[in-house]
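Asks: Please find one structure pasted underneath; my questions will follow.
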Amino acid sequence: MPKSKSAKKTSDYSFEDLNRDLVQLDQLLSASHVKPRDRLAMLRPITAKIPGKPVGYWLMRVVSLMMIIALVWMKRETLDWHASALGRIGLIKILPYFDWRYLKSQTCLIPKVAPVAAKEIFDCNLCESLEEFRDFELQSEEAGADLVEKLVEIDRPVVVSGEIQHWIPETPEAFISQLLDRTEFGKSVPCQLESSFHNDRLGDPDLATLFRKRQFFQNFFLHFQNCDPSAVRVFRNFTARPQVLPAAFAPVAYNWMLWSSRYSTLRYKKINLIEKIALIGQLVGSTRLRLVPRKNCQEVCPIINGVLSAGHVLILTSLWDVEYCPGGDSENMAAILEVKG
Numbered sequence: 005m006p007k008s009k010s011a012k013k014t015s016d017y018s019f020e021d022l023n024r025d026l027v028q029l030d031q032l033l034s035a036s037h038v039k040p041r042d043r044l045a046m047l048r049p050i051t052a053k054i055p056g057k058p059v060g061y062w063l064m065r066v067v068s069l070m071m072i073i074a075l076v077w078m079k080r081e082t083l084d085w086h087a088s089a090l091g092r093i094g095l096i097k098i099l100p101y102f103d104w105r106y107l108k109s110q111t112c113l114i115p116k117v118a119p120v121a122a123k124e125i126f127d128c129n130l131c132e133s134l135e136e137f138r139d140f141e142l143q144s145e146e147a148g149a150d151l152v153e154k155l156v157e158i159d160r161p162v163v164v165s166g167e168i169q170h171w172i173p174e175t176p177e178a179f180i181s182q183l184l185d186r187t188e189f190g191k192s193v194p195c196q197l198e199s200s201f202h203n204d205r206l207g208d209p210d211l212a213t214l215f216r217k218r219q220f221f222q223n224f225f226l227h228f229q230n231c232d233p234s235a236v237r238v239f240r241n242f243t244a245r246p247q248v249l250p251a252a253f254a255p256v257a258y259n260w261m262l263w264s265s266r267y268s269t270l271r272y273k274k275i276n277l278i279e280k281i282a283l284i285g286q287l288v289g290s291t292r293l294r295l296v297p298r299k300n301c302q303e304v305c306p307i308i309n310g311v312l313s314a315g316h317v318l319i320l321t322s323l324w325d326v327e328y329c330p331g332g333d334s335e336n337m338a339a340i341l342e343v344k345g
């Protein structure tokens with residue numbers, strides 16, 4: 005039978021023809037009330053044969069996206085500048101409605117209420133009648149750890165003699181030499197350093213450097229706190245706890261050195277003690293001390309002046325601020341131990 009002239013050759017059948025025939029078939033099935041799920045199942049053998057998008061299509065998409073990202077990255081500074089400019093313009097526009105200028109110096113935009121530390125209050129009845137250093141002195145035969153503990157409990161300073169003989173060096177230079185023999189001491193950097201021969205603007209020297217500089221000066225003063233644990237341990241080997249210090253008190257947390265030689269001044273230097281209990285021992289010469297009542301007792305209790313002589317030790321609590329005057333015609337050296345109460 006001859007083929008119809010209107011019939012299309014297979015090679016002339018296009019995707020548009022296929023799409024039209026599938027649409028007509030779908031409409032016919034829909035008119036026959038065939039469910040969509042069933043229609044999809046019936047057409048799956050045909051649609052599975054339809055080729056998807058070629059690999060080149062997706063490759064071009066990926067390459068285009070990468071080029072866009074690269075272009076944005078190259079222009080990032082320009083985009084940042086424009087975004088910053090627009091932001092500044094926006095901030096200027098809202099100034100009439102909200103003054104945000106005070107926020108520019110704030111480190112945190114969300115207010116945070118800091119906890120209020122409990123205020124330390126002293127009983128000023130314990131110090132209002134004290135007048136002189138001799139009010140603190142205990143004779144060696146009556147001094148004992150138990151009595152000292154009772155006096156410290158009522159914030160009463162105590163001066164005792166003959167309890168630090170194991171601290172006394174032959175000379176201050178010999179004492180320094182023994183300390184510097186321990187490498188960890190020489191390499192440590194002291195805290196709260198004050199001296200007449202080192203400029204703070206030059207930075208924080210280690211102790212070996214500091215003592216080398218001291219050799220160029222005959223008239224000087226120096227005090228510092230050992231806060232490096234290794235330096236505290238070394239210094240503690242030469243200033244062991246005296247027996248008069250009650251065993252109930254915790255180990256030494258920090259220690260200090262005070263050293264002066266023929267230094268002329270009338271100005272007292274403050275020692276910024278940290279712990280609750282401090283012990284000041286005079287190794288060489290003498291030290292003029294001033295005990296200043298703290299906090300709520302400043303207006304009630306008197307300031308007490310006195311001299312701590314070689315071989316004597318002063319034990320006091322945080323009721324008192326300690327100041328000393330390094331002046332004098334001789335060489336003077338003292339050590340301070342800070343003890344947790």
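Residue 5 is where the sequence shown starts when you use the working numbering, and the numbers rise one by one after that.
Ideal Cβ placement from N, Cα and C applies to all residues, glycine included.
Apply the 10 Å Cβ neighbour rule to Pro100 and answer buried if 16 or more other Cβ atoms are within range, or exposed otherwise.
Replies: Within the sequence shown, numbered from 1, the residue matching residue 100 stands at position 96. Result: exposed.
Asks: With burial defined as no fewer than 16 other Cβ atoms inside 10 Å of the residue's Cβ, what is the status of Val76: buried or exposed?
Replies: As a position in the sequence shown, residue 76 is number 72, starting the count at 1. By the neighbour-count rule (16 or more Cβ atoms within 10 Å), Val76 is not buried but exposed.
Asks: Taking DSSP's pairing of strands, which residues face Ile281 in a bridge?
Replies: What you label residue 281 is simply residue 277 of the sequence shown in a count that begins at 1. For Ile281, which the question treats as bridged, DSSP gives the partners Thr321, Val343.
Asks: Just tell me which of Ala87, Cys128, Asn241 has its CA closest to the CA of Gln182.
Replies: Taking the first residue of the sequence shown as 1, we reach residue 182 at position 178. Comparing Cα-Cα distances from Gln182 to each of Ala87, Cys128, Asn241, the minimum goes to Asn241.
Asks: Along the chain, where does the beta strand (DSSP E) that runs through Ser165 open and close?
Replies: Looking up residue 165 in the sequence shown gives position 161. Segment 162-165, the beta strand (DSSP E) holding Ser165.
Asks: Looking only at its chain, what residues have a beta carbon closer than 6 angstroms to the beta carbon of Leu33, apart from the 5 residues adjacent to it on each side?
Replies: Locating residue 33 in the sequence shown gives position 29, counting from the first residue. Answer for Leu33: Arg43, listed in chain order.
Asks: With burial defined as no fewer than 16 other Cβ atoms inside 10 Å of the residue's Cβ, what is the status of His202: buried or exposed?
Replies: Here residue 202 refers to the residue found at position 198 when the sequence shown is read from its first residue. Classification of His202: buried, given that the 10 Å Cβ count is 16 or more.
Asks: Starting from Ser181, follow the alpha helix (DSSP H) in both directions and report where the run begins and ends.
Replies: Residue numbering aside, residue 181 sits at position 177 when the sequence shown is read from its first letter. From DSSP, the alpha helix (DSSP H) with Ser181 extends over 176-184.
Asks: In this structure, does DSSP put Ser10 in helix, strand or coil?
Replies: Position 6 of the sequence shown, counting from 1, holds the residue named residue 10. Low confidence applies to Ser10: its pLDDT is 49, below 50, so where it sits in the model is not reliable enough to give any reading.
Asks: Out of Tyr328, Ala282, Glu141, point me to the one whose CA is closest to Arg245's CA.
Replies: For the purposes of this step, residue 245 is identified with residue 241 of the sequence shown, where counting begins at 1. When each option's Cα is compared against that of Arg245, the closest is Ala282.
Asks: Taking only the alpha-carbon atoms, compute the straight-line gap between Ile340 and Thr213 and give it to the nearest angstrom.
Replies: Within the sequence shown, the letter at position 336 stands for residue 340. Within the sequence shown, the letter at position 209 stands for residue 213. So the two alpha carbons sit approximately 22 angstroms from each other.
Asks: Taking 9 angstroms as the cut-off, decide whether the C-beta atoms of Lys273 and Pro330 are in contact.
Replies: Stepping through the sequence shown from its first residue, residue 273 is reached at position 269. Stepping through the sequence shown from its first residue, residue 330 is reached at position 326. It is a contact, given that the beta carbons lie within the stated cut-off.
Asks: Mind checking Trp324: buried by the 16 CB within 10 Å criterion, or exposed?
Replies: Walking along the sequence shown from the start, residue 324 turns up at place 320. Buried, since its Cβ has 16 or more Cβ neighbours within 10 Å.
Asks: For Pro40, is the classification buried or exposed, using 16 other Cβ atoms within 10 angstroms of its Cβ as the cut-off for buried?
Replies: Walking along the sequence shown from the start, residue 40 turns up at place 36. Classification of Pro40: exposed, given that the 10 Å Cβ count is below 16.
Asks: Taking only three categories from DSSP, how would you classify Gln196?
Replies: Indexing the sequence shown from 1 puts residue 196 at position 192. The answer is strand: DSSP assigns Gln196 an E or B state.
Asks: Can you tell which of Ile278, Val163, Gln229, Glu279 has the C-alpha that lies nearest to the C-alpha of Gly285?
Replies: The residue labelled residue 285 in the question sits at position 281 within the sequence shown. Answer by Cα proximity: Val163.
Asks: Excluding the 5 residues preceding and the 5 following Ile307 in the sequence, name in chain order all residues of the same chain whose CB lies nearer than 8 angstroms to its CB.
Replies: For the purposes of this step, residue 307 is identified with residue 303 of the sequence shown, where counting begins at 1. Closer than 8 angstroms at the Cβ level, and outside the excluded window around Ile307, lie Arg294, Leu295, Val296, Pro297.
Asks: Mind checking whether Phe265 and Phe228 have CB atoms under 9 angstroms apart?
Replies: To locate residue 265, count along the sequence shown from 1; it is residue 261. To locate residue 228, count along the sequence shown from 1; it is residue 224. It is Ser, not Phe, that sits at residue 265 in the sequence shown. No, Cβ-Cβ distance for Ser265 and Phe228 is not below 9 angstroms.
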